[in-house]
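First comes the structure, then the notes that go with it.
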Amino acid sequence: MYTETYANYGKCVGFERGGTKVLVTLDLGPRIIWFGTPDFNFLGEDRDRNVDKGGEYFDENFGAGTKWYLYGGHRVWKSPEDLETYVPDNGAVEADLREFGGTFTCRAAKNFDYTLDLELAEDGSLTVRDIVTNKGERRRIAVWGLTVMAKGGRMILPTNDKVDDLNPVQNLVFWPYNIPGDSRFEATRGHISLAWANDSRAIKIGTMAKKGVAYYILDGKAMKWECPFEEGEYGDFSCNFESYTNDHILEVEWLSPKRELLPGECAVLTEKWSMTAPPEFAE
């Protein structure tokens, strides 16, 4: 474990083990801002703060001129998405550090605390526990883990196994700004993919990924997610996986089932990240 000042993200804590490097912001966020090898980062960064959100809601609840910034990397949110989801996490993070991980919490929101609990294993895989804690009234929400990827790659999601030819195998959800025939999106009998391109039009897809596995292919390398499927009620027409892209970013997003949280209760989504060779079907 070590600390460093990284780019314009301020103080960060770093962990290296099993050939994997992880950097987590301490002066803002939290964000996992680096996941990869010491010289290759799979995660995307918004150093120029191109993606933000502000306005009357933020002025009234967080102070005049306050904005939410994407920053990049990995963050935890609550779903369903609304203005309350966009917490301006621009201040210092509450951190409890361990040798190869720790907990990193943002307490800037009125109704929820947002925590990343991380542990870097001996084999270089990273367990990411996305935690949302209710500190307001009883609420029904889902945990939402979102990862901004470095530009130039492609997200690939293996499709579900069929039971027989009489029953559907996969749902596919589109957002209203999608344009039919968008070449960045591909669906085959074996996988669904979404590629980054220098195209300002937004596109987002969602599905129920029962295999709980996804990949991001970049420069001949692959980052792999494992997020075990849980039975339950899901939002967005039954999606536990979503992916979004425009010219600034490509996001890989996992969601938990909706849960009823009493004051003080938390909901958790667990992801396992690793580096691997690109799967054969990605070729």
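In case it helps, my numbering puts the sequence shown at residues 84 to 366.
Beta carbons: idealized from backbone N, C-alpha and C, even for Gly.
Per DSSP, which one or two residues make a beta bridge with residue i?
| i | result |
| --- | --- |
| Thr328 | Ile286, Leu333 |
| Pro241 | His274 |
| Leu153 | DSSP lists no partner for Leu153. |
| Asp213 | Leu199, Leu352 |
| Met232 | Leu126, Leu333 |
| Val134 | Val134 pairs with nothing; no bridge assigned. |
| Val384 | Given that the chain is displayed from residue 84 to residue 366, the structure contains no residue 384 and the question cannot be resolved. |
| Glu269 | Ser276 |
| Arg158 | Leu229 |
| Leu338 | Trp227 |
| Arg222 | Leu344 |
Rounded C-beta distance between residue i and residue j? I'm assuming under 8 Å.
| i | j | result |
| --- | --- | --- |
| Ile300 | Ile239 | 6 Å |
| Tyr152 | Arg132 | 5 Å |
| Thr230 | His274 | Actually they do not touch by this definition, with Cβ atoms about 19 Å apart. |
| Asp213 | Val351 | 7 Å |
| Ile288 | Leu333 | Not quite, the Cβ-Cβ distance comes to about 11 Å (not below 8 Å), so this is no contact. |
| Phe187 | Ala175 | Rounded, the Cβ-Cβ distance is 11 Å, inconsistent with contact. |
Do residue i and residue j have their C-beta atoms closer together than 7 Å?
| i | j | result |
| --- | --- | --- |
| Leu111 | Tyr140 | no |
| Gly101 | Asp206 | yes |
| Asn329 | Ser276 | no |
| Lys307 | Ser339 | no |
| Leu201 | Gly219 | no |
| Asn323 | Ala292 | yes |
| His331 | Val105 | no |
| Ile74 | Thr108 | Only positions 84 to 366 of the chain appear in the structure, and residue 74 is not among them; the question remains open. |
| Arg222 | Leu126 | no |
| Asn217 | Glu348 | yes |
| Ile224 | Lys161 | yes |
| Leu199 | Pro113 | yes |
| Ala305 | Pro361 | yes |
| Gly236 | Trp279 | yes |
| Glu354 | Val215 | no |
Could you check where the beta strand (DSSP E) with residue i kicks off and where it finishes?
| i | result |
| --- | --- |
| Asp196 | 195-203 |
| Tyr85 | 85-88 |
| Glu99 | 94-100 |
| Glu164 | Looking at the DSSP string, Glu164 is not in any beta strand (DSSP E), and its letter there is neither H nor E. |
| Cys349 | 349-359 |
| Tyr298 | 296-301 |
| Phe118 | 115-120 |
| Leu344 | 342-344 |
| Lys304 | 304-309 |
| Glu177 | 177-181 |
| Leu106 | 103-108 |
Can you tell me where the alpha helix (DSSP H) holding residue i begins and where it ends?
| i | result |
| --- | --- |
| Ser321 | 318-321 |
| Phe187 | Element bounds for Phe187: not the alpha helix (DSSP H) but the beta strand (DSSP E), 184-189. |
| Asp142 | 139-145 |
Any beta carbon of chain B sitting closer than 7 Å to that of residue i?
| i | result |
| --- | --- |
| Ser339 | Protein chain content of the structure displayed is limited to a single chain, and chain B is not contained in it. |
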